[in-house]
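Numbering (this note's numbering), first residue to last: 56 to 305. Before any comments, here is the structure.
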């Protein structure tokens with residue numbers, strides 16, 4: 056499976072958590088930048104942030120973020136901006152007073168949503184969605200529990216058809232994996248254990264014809280593997296000893 060948009064967004068997903076942590080850093084350590092004209096960046100009598108706060112980039116002095124605190128606690132929506140004259144919104148965080156979570160949305164500079172989901176105690180929680188480049192179409196859905204992947208991760212083609220499905224447990228690939236063509240043909244059916252291939256695997260070509268099948272042990276092919284052409288076995292190989300155990304069926 057290969058798709059430029061998917062590969063680009065995969066890179067984006069790897070960096071989403073880092074960007075979120077950076078946003079937290081901005082809110083915690085941005086300078087006060089008090090203003091005589093605006094009633095902003097104030098502290099209450101206990102020294103806690105209270106009311107509207109606005110942060111600036113240290114060198115350019117351009118707006119960096121803005122949002123409201125209530126005695127040290129974020130409320131409502133916070134906006135984060137890029138360091139350009141355009142003041143493009145690169146992220147928003149909407150705080151929920153009921154569970155102390157923040158629904159977070161990341162944007163590109165064209166105002167397209169890159170990813171969105173809930174953060175709880177600075178950790179990803181529940182479903183997160185990632186989008187294809189310059190598109191409103193979902194590219195990937197992931198599910199988190201206390202910052203770790205848990206459950207089914209699904210990757211979609213731009214058309215909305217499923218490209219991949221894989222099961223996660225405790226942030227590791229555990230369970231089934233399936234890979235599809237855009238018209239629904241299953242290219243691969245396999246199983247993972249702690250991020251490694253484990254057990255029976257079946258591979259097919261884009262027409263649905265069987266290509267090979269066999270077992271994995273600790274991420275490596277093992278035992279007898281069968282290889283097919285036009286639906287018939289053309290070769291068997293003992294992958295535990297591939298150098299001296301090849302048997303042709305031609």
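Note that the Cβ used here is the ideal one computed from N, Cα and C, for glycine as well.
Would you kindly check if the distance between the Cβ of residue j and the Cβ of residue i is under 8 angstroms?
i: residue 184; j: residue 193; result: yes
i: residue 290; j: residue 296; result: no
i: residue 123; j: residue 107; result: yes
What residue from the options has the CA that sits closest to residue i's CA?
i: residue 147; options: 272, 137, 239; result: 137
i: residue 276; options: 134, 254, 107, 288; result: 254
i: residue 237; options: 217, 128, 103; result: 217
For residue i, which residues in the same chain have their Cβ closer than 8 angstroms to its Cβ, ignoring the five residues on either side in sequence?
i: residue 143; result: 136, 137, 162, 164, 166
i: residue 232; result: 219, 220, 221, 222, 243, 244, 245, 246, 247
i: residue 117; result: 111, 136, 138, 139, 140, 142
i: residue 151; result: 157, 158
i: residue 154; result: 175
Give me the DSSP bridge partner(s) of residue i.
i: residue 164; result: In DSSP, residue 164 forms no bridge with anything.
i: residue 170; result: 161, 185
i: residue 127; result: Partner(s): none; residue 127 has no beta bridge.
i: residue 107; result: 123
i: residue 228; result: 223
Got a sec? Which residues, its chain only, sit under 7 angstroms from residue i by beta carbon, not counting five neighbours each side?
i: residue 278; result: 269, 270, 293, 294, 295
i: residue 160; result: 146, 147, 168, 171
Ignore the nearest five residues each way along the sequence and tell me which others in residue i's own chain have a CB closer than 6 angstroms to its CB.
i: residue 121; result: 109, 134
i: residue 90; result: Because residue 90 sits at a pLDDT of 45, beneath the cut-off of 50, its placement in the model cannot be relied upon, and the following sentence gives the value as read from the coordinates. Counting only Cβ-Cβ distances below 6 angstroms, and skipping sequence neighbours, we find nothing.
i: residue 195; result: 185, 210
i: residue 230; result: 222
For residue i and residue j, I'd like the C-alpha separation in whole angstroms.
i: residue 225; j: residue 140; result: 42 angstroms
i: residue 212; j: residue 172; result: 20 angstroms
i: residue 204; j: residue 241; result: 24 angstroms
i: residue 285; j: residue 181; result: 44 angstroms
i: residue 156; j: residue 177; result: 8 angstroms
i: residue 260; j: residue 234; result: 11 angstroms
i: residue 3; j: residue 197; result: The question about residue 3 has no answer, for the chain in this structure spans 56 to 305.
i: residue 306; j: residue 129; result: For the chain, the structure presents residues 56 to 305; residue 306 sits outside this window and is missing.
i: residue 100; j: residue 125; result: 12 angstroms
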